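Asker:
2 protein chains.
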Amino acid sequence: MAARLPPVWKRFSSTITTRPAPPKGHHHVSLPDHVFPKGYALTGLHCGVKKKPELLDLAVILSTAEQPAAAAACFTRNAFKAAPVMVSQEVLQMSSGRARAVVVNSGCANAVTGKQGMEDAWAMVRATDGLLQRRDDASDAPETLVMSTGVIGQNLPISKIISGIESQAQSNPSSTLGTTFDAWERAARAFMTTDTFPKLRARTFTVDGREYRIAGMDKGAGMIHPDMGPPAPSGQLHATLLACVLTDAPVSPRSLQSALTYAVDRSFNCISVDGDMSTNDTILVLANGAAAQNAEEIDEERDVKAYETFRDELTAFAADLAQLVVRDGEGATKFVTVSVEGATSYADAHKIASRISTSALVKTALYGEDANWGRILAATGSVPLSTPLDPTRVSVSFIPKDGTTPLPLLVNGEPEKVDEVRATEIVSQEDLEIRVELGLGTESAKYWTCDFSYEYVRINGDYRT
Amino acid sequence: MAARLPPVWKRFSSTITTRPAPPKGHHHVSLPDHVFPKGYALTGLHCGVKKKPELLDLAVILSTAEQPAAAAACFTRNAFKAAPVMVSQEVLQMSSGRARAVVVNSGCANAVTGKQGMEDAWAMVRATDGLLQRRDDASDAPETLVMSTGVIGQNLPISKIISGIESQAQSNPSSTLGTTFDAWERAARAFMTTDTFPKLRARTFTVDGREYRIAGMDKGAGMIHPDMGPPAPSGQLHATLLACVLTDAPVSPRSLQSALTYAVDRSFNCISVDGDMSTNDTILVLANGAAAQNAEEIDEERDVKAYETFRDELTAFAADLAQLVVRDGEGATKFVTVSVEGATSYADAHKIASRISTSALVKTALYGEDANWGRILAATGSVPLSTPLDPTRVSVSFIPKDGTTPLPLLVNGEPEKVDEVRATEIVSQEDLEIRVELGLGTESAKYWTCDFSYEYVRINGDYRT
Numbered sequence: 001m002a003a004r005l006p007p008v009w010k011r012f013s014s015t016i017t018t019r020p021a022p023p024k025g026h027h028h029v030s031l032p033d034h035v036f037p038k039g040y041a042l043t044g045l046h047c048g049v050k051k052k053p054e055l056l057d058l059a060v061i062l063s064t065a066e067q068p069a070a071a072a073a074c075f076t077r078n079a080f081k082a083a084p085v086m087v088s089q090e091v092l093q094m095s096s097g098r099a100r101a102v103v104v105n106s107g108c109a110n111a112v113t114g115k116q117g118m119e120d121a122w123a124m125v126r127a128t129d130g131l132l133q134r135r136d137d138a139s140d141a142p143e144t145l146v147m148s149t150g151v152i153g154q155n156l157p158i159s160k161i162i163s164g165i166e167s168q169a170q171s172n173p174s175s176t177l178g179t180t181f182d183a184w185e186r187a188a189r190a191f192m193t194t195d196t197f198p199k200l201r202a203r204t205f206t207v208d209g210r211e212y213r214i215a216g217m218d219k220g221a222g223m224i225h226p227d228m229g230p231p232a233p234s235g236q237l238h239a240t241l242l243a244c245v246l247t248d249a250p251v252s253p254r255s256l257q258s259a260l261t262y263a264v265d266r267s268f269n270c271i272s273v274d275g276d277m278s279t280n281d282t283i284l285v286l287a288n289g290a291a292a293q294n295a296e297e298i299d300e301e302r303d304v305k306a307y308e309t310f311r312d313e314l315t316a317f318a319a320d321l322a323q324l325v326v327r328d329g330e331g332a333t334k335f336v337t338v339s340v341e342g343a344t345s346y347a348d349a350h351k352i353a354s355r356i357s358t359s360a361l362v363k364t365a366l367y368g369e370d371a372n373w374g375r376i377l378a379a380t381g382s383v384p385l386s387t388p389l390d391p392t393r394v395s396v397s398f399i400p401k402d403g404t405t406p407l408p409l410l411v412n413g414e415p416e417k418v419d420e421v422r423a424t425e426i427v428s429q430e431d432l433e434i435r436v437e438l439g440l441g442t443e444s445a446k447y448w449t450c451d452f453s454y455e456y457v458r459i460n461g462d463y464r465t
Numbered sequence: 001m002a003a004r005l006p007p008v009w010k011r012f013s014s015t016i017t018t019r020p021a022p023p024k025g026h027h028h029v030s031l032p033d034h035v036f037p038k039g040y041a042l043t044g045l046h047c048g049v050k051k052k053p054e055l056l057d058l059a060v061i062l063s064t065a066e067q068p069a070a071a072a073a074c075f076t077r078n079a080f081k082a083a084p085v086m087v088s089q090e091v092l093q094m095s096s097g098r099a100r101a102v103v104v105n106s107g108c109a110n111a112v113t114g115k116q117g118m119e120d121a122w123a124m125v126r127a128t129d130g131l132l133q134r135r136d137d138a139s140d141a142p143e144t145l146v147m148s149t150g151v152i153g154q155n156l157p158i159s160k161i162i163s164g165i166e167s168q169a170q171s172n173p174s175s176t177l178g179t180t181f182d183a184w185e186r187a188a189r190a191f192m193t194t195d196t197f198p199k200l201r202a203r204t205f206t207v208d209g210r211e212y213r214i215a216g217m218d219k220g221a222g223m224i225h226p227d228m229g230p231p232a233p234s235g236q237l238h239a240t241l242l243a244c245v246l247t248d249a250p251v252s253p254r255s256l257q258s259a260l261t262y263a264v265d266r267s268f269n270c271i272s273v274d275g276d277m278s279t280n281d282t283i284l285v286l287a288n289g290a291a292a293q294n295a296e297e298i299d300e301e302r303d304v305k306a307y308e309t310f311r312d313e314l315t316a317f318a319a320d321l322a323q324l325v326v327r328d329g330e331g332a333t334k335f336v337t338v339s340v341e342g343a344t345s346y347a348d349a350h351k352i353a354s355r356i357s358t359s360a361l362v363k364t365a366l367y368g369e370d371a372n373w374g375r376i377l378a379a380t381g382s383v384p385l386s387t388p389l390d391p392t393r394v395s396v397s398f399i400p401k402d403g404t405t406p407l408p409l410l411v412n413g414e415p416e417k418v419d420e421v422r423a424t425e426i427v428s429q430e431d432l433e434i435r436v437e438l439g440l441g442t443e444s445a446k447y448w449t450c451d452f453s454y455e456y457v458r459i460n461g462d463y464r465t
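Chains as they are written, first to last, in our numbering: chain A, 1 to 465; chain B, 1 to 465.
Quick look at the structure:
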């Protein structure tokens, strides 16, 4: 790979041989139209935030169901929240958890942009509201949620974005809004920044014998270590992982939010590319009920079993979307599942899994295809826990993802005589699981991470220039 | 630089142009003999832990003062403590904070080595005790503290180490124990693993009109993110930063420990190379009083002013030693001071400084010589604090270390129009300060870190092989 280098590096002639990240395009798959949820029209287009005209930078997503969809969101807990994060929070509050549209731009994060940034985000909301056919009984409450991703500290080219949105009026013959796979894929492409493939998934699921559809798209490759929570009454939120999940199941806004909060804690909050939390991380969910317009909404107080079925479907779906981000991690050559088992609490297990997943030494060893359990152990031991570790009960093993025999590296605190050839065989596979057993309790947590490569340094030593 | 690469990488032909770490040998300086503390004899030798005969791997440090020295230590808080950490803790307890020797090996950490590891560490203590001239009134308590650094999970070649120690009997004509700069330097060299230069400093200081000397050596280049505390009654400790500080001032064991705990919190616990905490981190201090044998010991309850003078000298000295480790950080091309000011508590300021100092995105931007304040801000905002941040009060600036004008990047939450030429000028210097002002209070903290380079990935993708 002929690396693009900042000018200052040109004066140095040293070279390093690198293993480039493998191509990842095969993780983008074609899907039949019928698995996409009913009652949504969407598109992706180029409006001019990005320079190259072939790159899409604006996604418009409309719910075409008669009633507004239930809407829920989780936002980053970063103290510097971008304008779209603050505006989406306000919209959700004003509309009591209902919405009919989502608008997303890539290329500029509209973060740290002051008053102008807030005005621009509101302008995107109003322009998209203008695409919706207003009902007679409609209140003046906004019905669009907004997300932005890209460079921090620059203002949006707002007139280009507004023109792009307005070109999609449903009465406009040149509008590209659609309902097929092609339309969903264009929207997913408009989310991308340093991503190497669009991240789109869809599937069907059943609650109480009735079939629904769920589809979603997300983006992210760097600045990925989300910690997202439900909308807070004030402050302390921020995000650059963006995800939008749409379903045609009918769900009450309250239960949609609690299902999402549960799902995010077990999916997007369990991934790390580089340990850095963004100022724009946002995940939005709409449930428009288009598949069952006269059915009662799924609600945890009305029917807890139906609620839990939906919640678990959403969680599994969110985990799939979240893992796509790690697969596309900047410079990543490995996809690594870190499982911590035998803890006395989920929080302890999650903390250890997070620490191992962000350890520069573990991640560079994975890139070097070195079965260095000493670094895994050092990372494990460095976490303050509610129940202290007992080193004599800790075991570490590598679980190959091809179904062959696991390889124990440390058993009850004692190093195993490791077959280095077998260890290298496992570590050189693209997919790998590191399992740490604490031997203290029955709680467990999983984290998904990738390795740390020369390419990561290249990409991030040279992002703005 | 012709990079040594693991065999699997050879199949890839891609290359990246890299800026190699600058030579750092000039940070090792020659010092006059008279600044070294009185009453210590020491050496460094090759005993065979490392393969290459020219590499020193064993340091022996004896206090030759008549009375045992006051001794204090801080150890890593990692749950997996190496055998030498546990043994040194026990020695300090058995001897009520007194010691007369320190023995150190490099090349093997004696960590995760079970019962055999404990026996080996005790054997090192006993062999070194054997070098000391026992006084008639001596109890049977051990008088040697022990440290090890190197690979985890392998047993020490203990007979080679014991032979090495025994060769240094003061009656033995081939003993190389000495008191000159040359002897101190050999000891410092025997601490080294991936270090590129020996880390040795010495100076004089004055308490109550009396002059004393302090000298110290340390090692460390990777797995550097210490969090060390005083000896705990049980468990929860572990370390790969090693430091040994020796003074000829008379200090009570109790006050030596409290001065050290204070100093470590403001020096070694404020550095990061890669965010990874080791299983062997240890800092030891001996104060043998050889410069003033009939003077009363410095003690905080007897004379708080004298104590504070000593404590502040120790803190400044420890900060110098700690910074040498960051200068020699694996693959580092920059030395970066992160100052966080205007916090409501030291803990909040310290947490933010630590987060910025470990951010992969900030560190790769520094390597790329990119004044990317957005990443600094995202890292700042991701830390949960006791007093929430107010984004409109936060300012970020770069302070050049050549005395030229600071460069504001963000003032009260608003991005400055940055002169990119000037920004690049500052970021391309080897030394740099990032200053973050929170505008909330009067507390501040400093952290020292380095950048993240191709060389870091190379060194750690290829450490064991």
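We put the CB at the ideal spot given by N, CA and C, even for glycine.
Being a predicted model, the structure only gives us computed values, none of them experimental.
1. Please classify Val-421/B: is it buried, with 16 or more other beta-carbons within 10 angstroms of its beta-carbon, or exposed?
2. How would you label His-26/B, buried or exposed, when you count the other beta carbons within 10 angstroms and need 16 or more for buried?
3. Is the beta carbon of Ala-243/A less than 9 Å from the beta carbon of Ile-283/A?
4. Do you know whose CA, among Asn-105/B, Ala-343/B, Val-340/B, Ala-70/B, lies nearest Ser-95/B's CA?
5. Within the same chain, show all residues whose beta-carbon is closer than 6 Å to that of Glu-455/B, passing over the 5 residues directly before and after it, in chain order.
6. Got a sec: is the Cβ-Cβ distance from Lys-81/A to anything in chain B below 9 Å?
7. Along chain A, which residues have their Cβ under 7 Å away from the Cβ of Val-457/B?
8. Taking only the alpha-carbon atoms, compute the straight-line gap between Pro-37/A and Pro-388/A and give it to the nearest angstrom.
9. Where does the unbroken alpha helix (DSSP H) through Pro-253/B begin, and where does it stop?
10. Among the residues of its own chain, which have a CB less than 6 Å from the CB of Glu-313/A, if the five just before and after it don't count?
11. Measuring straight from C-alpha to C-alpha, what distance separates Ser-175/A and Gln-168/A?
12. Taking DSSP as the reference, what is the three-state secondary structure of Ser-428/B?
13. Any contact between the segment 432-448 of chain A and the segment 346-353 of chain B? By contact I mean 3 or more CB pairs, one from each, below 8 Å.
14. Quick one: grab the DSSP three-state call for Phe-317/A.
15. Using 8 Å as the Cβ pair cut-off and three pairs as the minimum, do the segment 109-116 of chain B and the segment 145-154 of chain B touch?
16. Distance check for Val-338/B and Arg-302/A, CA to CA, integer angstroms please.
17. Check each candidate in Leu-321/B, Thr-358/B, Thr-344/B and name the one with the smallest Cα separation from Arg-203/B.
18. From the DSSP output, in three-state form, read off Cys-47/A for me.
19. Report the CB separation of Ser-357/A from Thr-449/A in whole angstroms; it is logged as a contact under 8 Å.
20. Write down every uninterrupted run of the alpha helix (DSSP H) in the segment 350-398 of chain A whose length is 4 residues or greater and which is fully enclosed by it, in chain order.
21. Please check the pair Ala-466/A and Ile-61/A, which I expect to be a contact at CB under 8 Å, by giving their CB distance rounded to whole angstroms.
22. Buried or exposed: Gly-461/A, going by 16 or more other Cβ atoms within 10 Å of its Cβ?
23. Just tell me which of Ala-319/B, Val-245/B, Ala-295/B, Pro-406/B has its CA closest to the CA of Arg-210/B.
24. Helix or strand or just coil, what does DSSP make of Glu-308/B?
25. Look at Thr-404/B and Ile-426/B and say whether their C-beta atoms are less than 9 Å apart.
26. For Thr-196/B and Lys-24/B, I'd like the C-alpha separation in whole angstroms.
27. Using only CA atoms, which one of Val-207/B, Pro-253/B, Lys-52/B lies nearest to Arg-99/B?
28. Anything in chain E within Cβ reach of Asn-110/B, meaning under 8 Å, just list it in chain order.
29. Look up Ser-345/B in the DSSP assignment and say whether it is helix, strand or coil.
30. Tell me, please, which residues DSSP counts as bridged to Arg-201/A.
31. Going by DSSP, what residue range makes up the alpha helix (DSSP H) through Glu-443/A?
32. Of the residues Ala-73/A, Ala-318/A, Asp-227/A, Val-29/A, which one's Cα is nearest the Cα of Asp-182/A?
33. With 9 Å set as the bound, which would you pick, yes or no: does the beta-carbon of Asp-129/B sit closer than that to a beta-carbon of chain A?
34. Assign Asp-402/B to buried or exposed, taking buried as 16 or more other Cβ atoms, counted over all protein chains shown, within 10 Å of its Cβ.
35. When the Cα atoms are used, what is the spatial distance from Tyr-477/B to Arg-189/A?
36. Starting from the C-beta of Thr-18/B, find all residues in its chain whose C-beta is less than 6 Å away, skip the five residues before and the five after it, and write them out in chain order.
Answerer: Per the coordinate set shown:
1. exposed
2. exposed
3. yes
4. Ala-70/B
5. Ala-21, Gly-331
6. yes
7. Thr-364, Tyr-367, Phe-452, Ser-453, Tyr-454, Val-457
8. 47 Å
9. 253-265
10. Phe-205
11. 4 Å
12. coil
13. no
14. helix
15. yes
16. 54 Å
17. Leu-321/B
18. coil
19. 4 Å
20. 360-367, 373-381
21. With chain A represented from 1 up to 465, any question about residue 466/A goes unanswered, as that position is not in the structure.
22. buried
23. Ala-295/B
24. helix
25. yes
26. 7 Å
27. First, the amino acid is wrong: residue 99/B is Ala here, not Arg. Out of Val-207/B, Pro-253/B, Lys-52/B, Pro-253/B has the C-alpha closest to the C-alpha of Ala-99/B.
28. In the structure shown, chain E cannot be found, because the protein chains are A and B.
29. coil
30. Gly-216/A
31. Unbroken run through Glu-443/A is the beta strand (DSSP E), 443-450; no alpha helix (DSSP H).
32. Val-29/A
33. no
34. exposed
35. This structure does not reach residue 477/B, given that chain B is present from 1 up to 465, and the question cannot be answered.
36. Tyr-454
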